[in-house]
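What follows is a set of notes on a single structure, which appears directly below.
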Amino acid sequence: MNLRKLLLPAALIVLHGTVSASTAEAEKRLQSAVNDVLAIAGRATNNTALATSLRPVLQTNISFDAMTRRAVGPGWRQFTPDQKRKATELFTTLVIRNYSSKITPGEHPVVTFKAASAPAPGRVEVPTTLLYQGSRYGVTYRLEESENWRITDVVIEGVSLIANYRGQFDAEFKQGGADAVIGALSRSVANPK
Amino acid sequence: MKSHPSTLPLLLLLPVVALLCSCASPKKQAPSLTAAVGDKSSDGKSVKAGGDDLEEYDPTLIADPLEPLNRVTFTLNHGLYSIFFRPISKGYEFVIPKPVRTGIFNIFENVKFPVRLVNNTLQGNFKRVGQETGKFLVNTTVGVGGFGRPSDHIPALADVPDADTGQTFAKWGIGHGVYLVLPILGPSSVRDTVGLAGDYALNPVNWVSIVYGGYAWTIAIPSTNTVRALPSQLDIYDAATENALDRYLAARSAYVQFRAEAAKK
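Encoded structure:
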């Protein structure tokens, strides 16, 4: 048996240890973010106020840059730096509003965290169960590590937030490029519906 | 007056469905979003702006050659939900106290047992056949005709995923065919519309007219079944389409993703 064969299991154990450690770190980060959100939601009186008070927590814990460019897709390469900034800013507001609208202020849902998985290095998926007004929902959080762990997608009952916007952005981009995407985002942000 | 709002459009659509099934070529399934996760830089960290992660999500999850017609139906449905079904739903929530509404909801879910039993059998999932049978027995007896859901407190019987005919087709490897927006019922596909016909036939709620033939019961029971589900159906519709750039596309994407998830369970 050569040295490589002897070292392989050891290397795998070390690698597994690293993955588990980072998974645990991501889970910890998510749990603290979710607890912050629940605490704020429990105190809020209406959805508009909730969106405003959630913004700092969400901006710390969500990677809106990654979300925006992935929702736009390959067309993102044709955005100027200014258009990228504008689109990210608008999409951030829309996602915060979208997320806040799914929470009833004053309610206290129970979140149960299930075993996380690491689909690739630097990426972790944490499935959770949300018990809310007698109904149970499956919510999976996708996190990625850049400077620290941040949420890059929220998947509710199999429906990914980013995948949902991807088709909409694509249609706008095909019609009129970056300007059409930004125009549609501006209209949506200006007219809540 | 029409009987059950969800039955008539289904019957009218069956010839159309048969036609579309025969000409629809197999279409791409909703992709596994984690499948594309391998697109990363060599250091394993997230790819930075402008990197390969731009193709992580597929914008076209289902073929929609009937989009112009679907959009018209979608707009009509949207109006109908606002002016007709939403007031009924609000009225129902106002008049009937929450615990009673939950009980009524549970009764109709419990009665739907044959839909889940037959489909779990067709899917070859005999563990779930057992779980569903246990759930039905416990909820029908201890839960007094399904009003309560004591099965939720039995770990082996809590959280058993739902089963329907469209899901069975999906598990058999049958694709969606094309996307369809059904009048009143909303987002569907050729496959799932045929599935709905199966669910309809398997749901005892719809057997009442055959067994009793009485006009009043034929209207009352399926109508109650529709109304009891309205608040949650409208909530799902709102959750999927609020804050969208284009409600139609948002609903289409949510539907396809939701059904892909159901097929995985």
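Respectively, the protein sequence lines represent chains L and W.
Under this note's numbering, think of the first position of the first sequence as 62, with each following residue one higher.
Under this note's numbering, think of the first position of the second sequence as 11, with each following residue one higher.
Glycine included, each C-beta is placed from N, C-alpha and C at the ideal position.
- Taken through DSSP and simplified to helix, strand or coil, W:ASP245 comes out as helix.
- With respect to the 8 Å criterion, L:TYR193 and L:GLU168 are classified as neighbours on the basis of their beta carbons.
- The C-alpha of W:THR228 is placed about 43 Å away from the C-alpha of L:ILE223.
- W:ASP209: member of the alpha helix (DSSP H) spanning 200-212, first to last residue.
- In the structure shown, W:ILE106 adopts coil according to DSSP, grouped into three states.
- At the C-beta level, W:GLY176 and W:ARG138 stay beyond 8 Å of one another.
- Inclusion of W:VAL204 and W:LEU76 in the CB contact set at 8 Å is not warranted, their separation being larger than that value.
- Under the DSSP definition of a beta bridge, L:VAL200 partners with L:THR189, L:ILE217.
- Note that the C-beta distance between L:GLY219 and W:GLN267 is below 8 Å.
- Under the Cβ criterion of 8 Å, W:THR112 is counted among the residues facing chain L.
- L:GLU206 sits in a strand when the DSSP states are folded into three classes.
- Setting aside the 5 residues that flank it on each side, L:PHE230 is surrounded in the same chain by ALA132, VAL133, VAL242, each with a C-beta closer than 6 Å to its C-beta; the list follows chain order.
- Taking a C-beta distance under 8 Å as the contact criterion, L:LEU91 and L:TYR226 do not qualify as a contact pair.
- Looking at the DSSP output, W:LEU192 sits in a beta bridge with W:GLY196.
- According to DSSP, residue pairing for L:ALA82 in a beta bridge does not occur.
- Selection W:TYR225, W:VAL125, W:LEU259, W:LEU195 evaluated against W:ALA239 yields W:LEU195 as nearest (Cα-Cα).
- Spatial neighbours of W:PRO241 in its own chain (CB-CB distance under 8 Å, excluding positions within 5 residues in sequence) are listed in chain order as SER99, TYR102, GLU103, ARG111.
- When Cβ-Cβ separations below 8 Å define contact, L:ALA232 makes contact with chain W.
- By alpha-carbon distance to L:ASP214, the top candidate from W:TYR67, W:ARG269, W:ASP256, W:PRO107 is W:TYR67.
- With the rule of 3 Cβ pairs closer than 8 Å, the segment 156-164 of chain L does not count as touching the segment 180-187 of chain L.
- In the DSSP annotation of this structure, the continuous segment of the alpha helix (DSSP H) that includes L:THR113 starts and ends at 108-122.
- Its chain contains GLY136, GLN139, PHE140, THR141, GLN144, ALA148 as the residues whose beta carbon lies nearer than 8 Å to that of L:ALA239, once the 5 sequence neighbours on both sides are disregarded; these appear in chain order.
- Spatial neighbours of L:ILE157 in its own chain (CB-CB distance under 7 Å, excluding positions within 5 residues in sequence) are listed in chain order as ALA112, LEU115, ARG116, LEU119.
- Of the candidates W:ARG269, W:LEU259, W:ALA270, W:GLU119, the residue whose Cα lies closest to the Cα of W:PRO69 is W:LEU259.
- The beta carbon of W:GLY153 sits closer than 8 Å to those of ASN116, ASN120, ARG159, PRO160, SER161, all from its chain and outside the five residues before and after it, given in chain order.
- Counting every other CB atom within 10 Å of its CB across the protein chains shown gives L:PRO253 a total below 16, marking it as exposed.
- Restricting attention to L:ARG248, L:LEU99, L:ALA85, the CA atom closest to the CA of L:VAL171 is found in L:LEU99.
- Your pair L:PHE174 and L:PHE152 does not check out as a contact, with CB atoms roughly 27 Å apart and the cut at 8 Å.
- W:PRO171 is the residue among W:THR151, W:PHE157, W:PRO171 whose C-alpha sits nearest the C-alpha of W:GLU142.
- For L:ARG158, the closest Cβ of chain W is nearer than 8 Å.
- For L:ARG211, the beta-bridge partners assigned by DSSP are L:GLU205.
- Under the 8 Å criterion on CB atoms, L:ASN122 is classed as non-interfacial with respect to chain W.
- Among the residues of the segment 127-150 of chain L, those with a Cβ less than 9 Å away from any Cβ of chain W are ALA127, ARG130, ARG131, ALA132, VAL133, GLY134, PRO135, GLY136, TRP137, ARG138, LYS145, in the order of the chain.
- Straight-line spacing of the CA atoms in W:LEU190 and L:SER83 works out to 43 Å.
- Only GLU205, GLU206, SER207 from the segment 198-216 of chain L bring a Cβ to less than 7 Å from some Cβ of chain W.
- Close to chain L, meaning a Cβ-Cβ distance shorter than 7 Å, is no residue of the segment 81-107 of chain W at all.
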